[in-house]
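All the letters of the sequence shown, read from the start, carry residue numbers 5 to 395 under the working numbering.
Let me begin by presenting the structure, written as structure tokens, before commenting on it.
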Amino acid sequence: MKPSVIEIRNQVEEIYQQVVDFRRKIHQNPELSNKEFATTEFIISILKENNIEYKRITETGAVGIIGNGDNCIALRADIDALPIKEETGLPFASQNPGIMHACGHDFHTAILLGSAIILKKFEEHLNGTIKLIFQPSEELIPGGALKMIKAGVLDNPRPKYVFGQHIYPELNTGEIAVSAGPVMAAADELYWNLYGKGSHAAQPHMGNDPLIVAAHLIIHLQAMLNKNKNPFSPAVLSVTSVIGGKATNIFPEFASMQGTLRTFDESLRSKLHKLIENNSRQIASLFDVKCDVEVRKGFPALINNSELVEKFKDIANQALGVNNVHSFEPKMWAEDFAYFAREIPSVFWFLGVKQSVDSEVVPLHNSKLNPDEQAMKTGMLAMVSAAMELL
Ligand SMILES: [Zn+2]
Ligand SMILES: [Zn+2]
5 MKPSVIEIRN
15 QVEEIYQQVV
25 DFRRKIHQNP
35 ELSNKEFATT
45 EFIISILKEN
55 NIEYKRITET
65 GAVGIIGNGD
75 NCIALRADID
85 ALPIKEETGL
95 PFASQNPGIM
105 HACGHDFHTA
115 ILLGSAIILK
125 KFEEHLNGTI
135 KLIFQPSEEL
145 IPGGALKMIK
155 AGVLDNPRPK
165 YVFGQHIYPE
175 LNTGEIAVSA
185 GPVMAAADEL
195 YWNLYGKGSH
205 AAQPHMGNDP
215 LIVAAHLIIH
225 LQAMLNKNKN
235 PFSPAVLSVT
245 SVIGGKATNI
255 FPEFASMQGT
265 LRTFDESLRS
275 KLHKLIENNS
285 RQIASLFDVK
295 CDVEVRKGFP
305 ALINNSELVE
315 KFKDIANQAL
325 GVNNVHSFEP
335 KMWAEDFAYF
345 AREIPSVFWF
355 LGVKQSVDSE
365 VVPLHNSKLN
375 PDEQAMKTGM
385 LAMVSAAMEL
395 L
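Structure, rendered in structure tokens:
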């Protein structure tokens, strides 16, 4: 007999304080992408303590394994932190200068550890294998998901479904939000180097000014985007940095620009890559400036499997209550869980962490982010219920 919602809820209550301790310990010791050595040691120590089998298939990160057999479901948490100086003033604030868990990955990791402990207790009721993926480097392209997939995290046994979640500061504690189809964008980094010829500012005809090229590019790229995409296909191109020149009377010989491109549709994505490269060079050439453009491909769009979302919603309605399960509008953020979802039917949902209706909303990647720890109960309930019901 599978454990009932009430039994799962009791288990969640029983280990909650332990999970809070996990979270605070991880929060206090944040590590940057691909450098999650202490975090991984900590994860492994908890798995070991609870007699959960584990594998370390990448330098940082680990996979826990519960149950056995080819029928398999994977649950994933990301474990890395950000280069941000924490300003929460919490007693368990970061002890690593300039590094902070400002994206809630401390929550994700602690929730998955808690879920692992509960699932281990229910092991005899499992009709197969649960893989617990503690994934490094979500914040840095090319992303730890790709690395783990290449290292075989989805092989032997291959999961039939993968589930993941992310904290969401605008949603109340106790609630989640989940939607079908494309939910997060593909994100590509854009870099331009503009090589001109320096001259006296009073003699523009003697040089080739890279700054006027930068100005034209910023305007042109918006028009180019507007004229090349279907209005119903979302896309954003943002130029976020222009650097060049340092005096009122000198045209510099060099300028650089950076930006980001966000899309959902793969064919639009590659069409825009070509246009950005070709048009930038052509515009620069009008001013006799040489332009090097680099489009650094990031994560693909994250697409939630529609059928699985329906199944998951039914389970979440049961576990959390119909009023606590919402949908959300697609986001232009990016998330490397997309690589799992590209290979295997997957669902990624948002977990509410807003303490009360009038709590101030502090966004992700902010130095004052302080999510409500009670939300970890909801996170465990959703994870464990999905795994138990769908295995
Ligand atoms: Zn983040
Ligand atoms: Zn994140």
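C-beta: ideal position from N, C-alpha, C; glycine also.
- Annotated three-state conformation of T92 is coil, per DSSP.
- Taking 7 angstroms as the cut-off, the Cβ atoms of P304 and A190 count as close.
- The C-beta distance from M228 to N283 rounds to 6 angstroms, short enough to fall under 8 angstroms.
- DSSP, read as helix, strand or coil, puts V297 in strand.
- When secondary structure is reduced to three states using DSSP, T252 falls in the coil class, being assigned neither helix nor strand.
- Annotated three-state conformation of A149 is helix, per DSSP.
- Distance from the Cα of Q32 is smallest, within the candidate group L225, N374, P367, for N374.
- Under the three-state reduction of DSSP output, D84 falls in the coil class, being neither helix nor strand.
- Annotation: the continuous alpha helix (DSSP H) that includes A391 extends over 379-394.
- Relative to the non-hydrogen atoms of ligand 1, the Cβ of E339 never comes closer than 6 angstroms to any of them.
- Around the beta carbon of E142, 16 or more other beta carbons lie within 10 angstroms, which makes this residue buried.
- Assignment of G102 by DSSP, reduced to helix, strand and coil, places it in the coil class.
- Within the same chain, L117 come within 6 angstroms of I50 by CB-CB distance, once the 5 residues on both sides are set aside.
- Rounded to the nearest angstrom, the gap between the Cα atoms of I180 and I48 is 28 angstroms.
- In this structure, ligand 1 has no non-hydrogen atom nearer than 6 angstroms to the beta-carbon of C76.
- Cβ-Cβ distances below 6 angstroms link S271 to nothing in the same chain once the five nearest sequence neighbours on each side are left out.
- For K335, the pairing in a beta bridge is given by DSSP as M188.
- Bounds of any beta strand (DSSP E) do not take in K275; it lies within the alpha helix (DSSP H) bounded by 270-290.
- For the set I153, M5, N14, M104, the Cα lying nearest the Cα of T92 is the one of M104.
- Excluding the 5 residues flanking it on each side, F268 has same chain C-beta neighbours closer than 8 angstroms at P186, A189, A190, S237, P238, A239, A305, P334, in chain order.
- With a threshold of 6 angstroms, the Cβ atom of C107 counts as near ligand 2, since some heavy atom of the ligand is closer than that.
- Under the three-state reduction of DSSP, R266 is assigned to strand.
- For F316, the secondary structure class from DSSP, reduced to helix, strand or coil, is helix.
- According to DSSP, residue pairing for G71 in a beta bridge involves T133.
- Per the DSSP secondary-structure output, F167 pairs in a beta bridge with L79, V351.
- T44 counts as buried, since at least 16 other C-beta atoms from the protein chains shown sit within 10 angstroms of its C-beta.
- Assigned with DSSP and collapsed to three states, V365 falls in coil, not helix or strand.
- If you draw a 10 Å sphere on the C-beta of I254, you find fewer than 16 other C-beta atoms in it, and that means exposed.
- In this structure, G302 lies away from I153, with their beta-carbon atoms at least 7 angstroms apart.
- Less than 7 angstroms divides the Cβ of A106 from the Cβ of I88.
- For D213, same chain residues with a beta-carbon under 6 angstroms away, outside a window of 5 residues either side, are G200, F255 in chain order.
- Nearest in C-alpha terms to N14, of all of G65, H209, G71, F126, is F126.
- By the CB criterion at 7 angstroms, T177 and G356 fall inside the cutoff.
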